[in-house]
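Engineer: If you're matching positions, the sequence shown starts at 1160 in the working numbering and goes up one per residue.
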Amino acid sequence: MHLVPTQEEVVKLLEQTGALRQGHYEYPNGLHADEYLQVPLAMRYYQHA
């Protein structure tokens, strides 16, 4: 990984940590999305930041 990772590297890392999930999600405001990012879970792996 370079000093500044590519978008693909970031997405791969988030998926590997389980922070980025694929599926169908409905947010509390009623919006729908195909992806969900669990920020607290992503921050557990701060050494990759």
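Where a beta carbon is used, it is the ideal one built from N, C-alpha and C, also for glycine.
(1) Quick one: residues in its chain with C-beta nearer than 7 Å to the C-beta of glutamine 1181, no 5 flanking neighbours on either side, listed in chain order?
(2) I'd like the list of long-range same chain contacts for tyrosine 1204, defined as Cβ closer than 7 Å, with 5 residues on each side in sequence excluded.
(3) Excluding five sequence neighbours on each side, which residues of the same chain lie with their C-beta closer than 8 Å to the C-beta of leucine 1200?
(4) Work out the CA separation of valine 1169 and glutamine 1197 for me, nearest whole Å.
(5) When DSSP labels each residue in this structure, what does leucine 1190 get in the three-state scheme?
Structural biologist: By the coordinates alone:
(1) Asp1193 and Glu1194
(2) Thr1176
(3) Thr1176, Gly1177 and Ala1178
(4) 14 Å
(5) coil
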